[in-house]
Amino acid sequence: MSRDTAIRTQGLTKYFGRFEAVSDLSLDVREGDVYGFLGANGSGKTTTVRMLLGLVLATSGEIEVLGRPMPRSGREVLPHVGSMIEGPAAYAHLSGRANLTLFDAMAPRSRRTGRKDRVEETLDRVGLGGVDERPVKNYSLGMRQRLGLAAALLRKPRLLVLDEPTNGLDPQGIRDIRALLLELNADGTTVFVSSHLLAEIEQLCTRVGVLDRGRMVVQEELAVLRAPTGRILLGTPDPDAAIAQLDRLGRSVEQHDGRRLAVRAADAAELNAELVRAGIGVDELSVERRSLEDVVLAATSAGNDTFARPPRAVQDAS
Amino acid sequence: MIRVELSKLLRSRRTWTTIALIDALPTLVGVLLAVTDLGPRPGEGPAFLSAVLTDGTLFPLAALAIVLPLFLPIAVSVTAGEAIAGEAAAGTLRYVLVRPVGRLRLLVAKLVAAMAFVVLTVLVVAATAYVVGVALLGDQSVQVVGSTSVSGTSLSTPELVGRTFLALGYAMLCMLGVAAIALFLSTVASSSLGAALGTMSIFVGSSLLLTLDASEAIRDYLPTRYWLAFVDLFRDPILWRDLQAGVILQVAYVAVFFAAAWANFATKDVTD
Amino acid sequence: MTSLRRWCVVAVVAAVVVAAPLLPRLVPASASDVTAAELLSRVQASGDQAYSGYVETDGAVQLAVGDDFSDLAELFGDRLRLRVWWQDEDAWRVNRLLLSGEEDLVHDGERTTSYDYERARAVTSRDPDIRLPRTSDLVPPSMGRITTDGADADEVSRLPARRIAGVSAPGLRLEPASGQTTIDHVDLWADEETGLALRVEVYAGSSAPVLTTVFEEFSAAGPEPDQVADTWSGQVERDFDDTVDLADAANQYAPFRVPRRVAGLERRTAGTGAVGVYGTGVTRLIAVPLREGDADDLRESLLGSPAAVATDTGTLLAVGPVSVFLTSEGFSYVLAGTVTDETLLRAAEDIVAGVRLRGRFE
Ligand SMILES: Nc1ncnc2c1ncn2[C@@H]1O[C@H](COP(=O)(O)OP(=O)(O)OP(=O)(O)O)[C@@H](O)[C@H]1O
Ligand SMILES: [Mg+2]
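See below:
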C-alpha cells in the first residue's frame, strides 16, 4: 500500500433532518485506482459524492481528498478534481463551446491564454470536436452527457469523480466513455465512478465499494472479490459417465444440472485430462468465479428505495 | 467570476428584451405627449411629466419617475431573484461551486451583475428619453437658457446635467437595495420565481404601508420610503434630507440582506 | 464560522442599523428655568426673528367643504412638508414640497407671490386685510404666535423641555380660559432665546393632537437675501392678481359690512369689509359671504358628510375642533372657526341681523 490516498473518509455521516442518508462511511480510494462506488437507488451515493466535493456538509466525520481536508481546503483541492454529479448541466442558451469557456474562466487563477485551445482539446476528447454553435438546449441527451464530461476534464484533473457518467448513453457511447476513462487512468488519473450498473463497474474498475442504506458493506479490490471459488464448471455430452468417473477419482460433484456439472477442483486442465483419458468428452470448461452481482446481492438487502409497507399485524379471525 | 457573470448577463437575450420592454413605456409616453400635447393635471402623474412639454431635456427625469416605482424594481427582482435559485434549478450551481468558485465570491459576483443590469437599464432609459425629449418634446420655439428648478429658479445646463446624473445614481442605489433583497430570497427559495415574487411583494407591501397612517412608526424603515426623493435634487437649494436618509437606508438594506444571503448560503447544502 | 455564528452577525448588523437612527432621541434636553409668562411673551414677540428650516405638519381635521376650500381642507387634514426661510415678517419664503413639484409662497414687503411648479406660474398679489389660512401660518413659529395671540399669563404653564431638531426647547401649555373655544389646550416648545416655537401641538379633547407642526431641521440663521427674493426663471409665467383668495375677494367686492361684535367676540380687523374675523388666539371664527352658486355647492358638500345637521337657519357641520355653519336665510354667509357650536350659531344670528349693505346702497 505505498500509493497515496486520493480519497479517504472516516466516520462520514449525513443526516437530512432526521433521515440518515449516509452512515459512518469510511472510503479509501488510492491514487491510480479506478474505483467503483456501487449501491442501489437511494443508498447515498450522490450524497457521498456531494460531500466529497463540499456541496453538502457532513453532519460528522472527516474527509480527505488528494491529501487535504475537505471542505476546508476546497480552494486548493477542487482545481485538481473534475466532477460530474447527478447528470450534466449547462447554461441552456449558450453553445457547448461558450459553456466550457465560461466554466474555464470561473476557476480561480484561470488564465485567458490557451483557453480556446483547452476548450477545443477537451471537446475533441469527448467526441464533440465538430459540434456547431447550436445552444445546449438543442443538444441530445448523449451530447449533454459528453459536454458534462468535457467540463469535468477541462482542467486535466488528477482525480475524476463521476456520478453515473453513462446515464442516457447508447452502447457505443458507453464504450467510448469507458475507453476514455481507462485511457485517462493509464495516464495517471484516479477515477471514482458511482453507478448501479454492475456490468459497467465490473468492466472498468479495479476496486469497488458497495453502499447499502448509507453504510459501506464491501470495499475490496475487484480481483479479490472475483477470486476463483475453487470449483470448475464443465459441460459434457455424457454426464452420467462423467459423474461415475469423477466419483471414482474421488472428486466431489457439487452440482448437476442436465449436462452441466460443477466440480470441486483446483486445476481445470488436470480435470480435463482425467476425463478425456477416460474417454469422456468435454465441450465446456471454465473456472468458476463469483460475479459482482452475487457479491453485491449477498451483501445488500432489498432495494433502498423500495418503501414497502410493513406487513400488517395478523388479524385474529375467531 | 465577476467578469463571467457580466458576460453571461450581456450575452443573455433576456437582458436586452427586458431593457427594451422597460424602455418602451416612457418612450410611448413621450410620443403620446408629443402628439397630443396633453400634460397630466397638476398633482397627478409622475414628477416632471407636466414640465417636459415646455422643456424636453427634463424627459429623462420624467422617464425615471415613470419606471422607478414599478417597472424597474420588477425587472431587478426577476434578474436578481434568479441569481442563486436559477442556477440551482438549472443544475449549474453545483458545477460553479466545484470549479471552485467561493460561495461569498459567487454572491458578490451575482450582486455586481444585478447592479450592472440596473446601471445598463437606467442609462438606456435615460438616453432614449433624452433623445425623445429633445427631438419630440419641449417648446423648440422658445430658446431658453437653462431649465427651471422645481422651486422656480433657473438651472444652468451644467447644473441640470450634474443633478440628472446624481438622480440616476440615486435611482440605481435604490435598485441595489431591491437586488440585495432578491439575492437573499434567491438563496432561500428553491425557485427563482419565488424569489422574484417575494421581492416584489416586499416593495409593493412597503409602498402600501407608506400610505397608511398606522404605519407611522416604521415608515422610515420601509425600503421604498425614499425612492422618489430624487425629485429633491431639483429643488433650489437641493434638499438633502431625504436623499441622505435614502442613501443610508439603501446601504443598510444592502448590508443586512447581503449579510443574510451570505449567512444562509455559506454552508447551505446544495442538493439540486 | 458556523451557521449560527453567521446569523448572529446578521442579527447584530440589523440591530445596529435599526437602532442607529433612534440614538439621537436619547440625548436628553437640558432643563430650563424660564417662567411660563416670560416664555409666552417671547413666543408672542418672535415675528421678526430670523430662522430657516424644514417643517412637517400633520393635521387630523377632515373638512368636507368642497372644491372651493380644498386647499384649506388640505392644510388642516393632511401631512405637509414645508421648507421655510424667514428673515422677518416682511421677507420670507415657505415652500410646500409635493411628490411631483412644489407650491411656494414668497413674501416681499407688501406683496406675496405664490408659485406652482406644475402650472409653471407665479401669481403676485398685494397683502390683503383678510385672507384664509395658508402654509406660512402652519410653520411652528407662526402657529405659536397665532395660538398664543391675546393669551394671558394665567392661561399658561410650563412643560418640561424637549429636544427638537437638535435644540433643547422649554415647553409651554396654553389652556384657554374662554369657554367659547373647542380647543382644549395647546402644547408648544420654543427656542428659549428667540421665542421661536419649534413644535406646536393643538389638542381638542382627545389625547392625540388634531394638529401638529414641528421643525425636523432648524437653523437660527436667517436666509441668504436672494432666497427670499423674486428669482423666477424665464420659463415661469408671471401674473398679478387683485385678490389672494376667496375671502379676500369677498371682503373687497361683496357689498356688505359685517358688525363689530358677534357672539361676544370682537372683530379683529378695522375697516368696512364684507368679511369678518372675530376673536383672539384659539377662539377665532371667520364669516365670509358667498355667492348663491358657491353657497349651494358648499351646502351640498357639507350635507354629504354624515355629521352635518340642518337647522332652521342653516347647515352646521362640526369636524373635530372646527365648526362650519352656512346660513340659509337672508345673505349666504359661511362661518367657520374653532369655537363651540353654540357660539357659532349665535355668531351666525348676529351676522344675519347685523350685516349692512355698503357702497352706493349705504
Ligand atoms: N436534500 C435532501 N433532503 C432529504 N433527503 C435527501 C436529500 N437528498 C437526498 N436525500 C435522501 O438521501 C438518500 C440518498 O440519496 P442519494 O441521492 O444520495 O442516493 P443515490 O445513491 O445517489 O441514489 P440514485 O442511485 O437513485 O441516484 C435518499 O433516500 C434520498 O431520499
Ligand atoms: Mg444518485
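Residue numbers (numbering that gives the first Met the number 0), protein chains in the order written: chain F, 0 to 317; chain W, 0 to 271; chain Z, 0 to 361. Every residue gets a Cβ at the ideal spot worked out from N, C-alpha and C, and that includes glycine. Quick caveat: nothing in here was measured; it's all calculated off a predicted structure.
- Counting C-beta pairs closer than 8 Å gives three or more between the stretch 4-17 of chain Z and the stretch 255-270 of chain W, which meets the contact rule.
- Per DSSP, the beta-bridge partners of residue 29/F are 4/F.
- Under the criterion of beta carbons closer than 8 Å, residue 153/F and residue 117/F qualify as touching, at roughly 6 Å.
- Here residue 34/Z is actually not in contact with residue 175/Z; their C-beta atoms are around 19 Å apart, not less than 8 Å.
- Per the Cβ contact rule, the stretch 104-113 of chain W is not in contact with the stretch 82-100 of chain Z (fewer than 3 Cβ pairs under 8 Å).
- No Cβ of chain Z is located within less than 7 Å of the beta carbon of residue 59/W.
- At a cut-off of 7 Å between beta carbons, residue 194/W makes no contact with chain Z.
- Of the residues 163/F, 211/F, 82/F, 47/F, the one whose Cα lies closest to the Cα of residue 189/F is 82/F.
- Contacts with chain W (Cβ-Cβ distance below 9 Å) from the stretch 32-66 of chain F involve 45, 46, 49, 52, 53, 54, 55, 56, listed in chain order.
- The residues 103, 121, in chain order, have a CB closer than 6 Å to that of residue 114/Z in the same chain once the five nearest residues on each side in sequence are set aside.
- By the rule that beta-carbons nearer than 7 Å mark a contact, residue 19/W does not touch chain F.
- For residue 231/F, the secondary structure class from DSSP, reduced to helix, strand or coil, is strand.
- By the Cβ neighbour-count rule, residue 252/Z is exposed, with fewer than 16 other Cβ atoms within 10 Å of its own.
- Residue 210/F carries a strand assignment under DSSP once its states are collapsed to helix, strand and coil.
- For residue 139/Z and residue 191/Z, the gap between their C-alpha atoms comes out near 14 Å.
- When rounded, the separation of the alpha-carbon atoms in residue 231/W and residue 12/Z is 29 Å.
- What residue 84/F touches in chain W, judged by beta-carbon distance under 7 Å, is 93, going in chain order.
- Under the DSSP definition of a beta bridge, residue 202/F lacks any partner.
- Interface with chain W (7 Å Cβ-Cβ cutoff): residue 73/F is included.
- Contacts with chain F at 7 Å (Cβ-Cβ) do not include residue 260/W.
- Annotation for residue 217/W: no beta strand (DSSP E) segment contains it, and DSSP assigns it neither H nor E.
- Nearest C-alpha to residue 128/F among 137/F, 146/F, 47/F: 146/F.
- Per DSSP, the continuous beta strand (DSSP E) segment holding residue 324/Z begins and ends at 321-326.
- Any heavy atom of ligand 1 counts here; residues with a Cβ closer than 6 Å to one of them, in chain order, are 15/F, 18/F, 20/F, 38/F, 40/F, 41/F, 42/F, 43/F, 44/F, 45/F, 46/F, 195/F, 270/W.
- Spanning the alpha carbons of residue 48/Z and residue 141/Z requires a straight line of approximately 11 Å.
- Residue 268/W and residue 64/W have their C-alpha atoms some 42 Å from each other.
- At a cut-off of 7 Å between beta-carbon atoms, residue 271/W makes no contact with chain F.
- Chain Z places no beta carbon closer than 7 Å to that of residue 68/W, leaving this residue out of the contacts.
- Nearest Cα to residue 173/F within the set 250/F, 148/F, 185/F, 158/F: 148/F.
- Not one heavy atom of ligand 2 falls within 6 Å of the beta-carbon of residue 215/W.
- When the beta-carbon positions are compared, residue 203/F and residue 177/F come within less than 7 Å of each other.
- Those residues of the stretch 207-230 of chain Z placed with their C-beta closer than 7 Å to a C-beta in chain W are 216, 230, ordered along the chain.
- In the three-state reduction of the DSSP assignment, residue 155/F falls in the coil class.
- Between ligand 2 and residue 43/W, a heavy atom-to-CB distance of less than 6 Å is absent.
- One finds nothing in chain Z with a Cβ atom closer than 8 Å to the Cβ of residue 129/W; even the nearest lies about 19 Å away.
- Secondary structure of residue 90/F (DSSP, three-state): coil.
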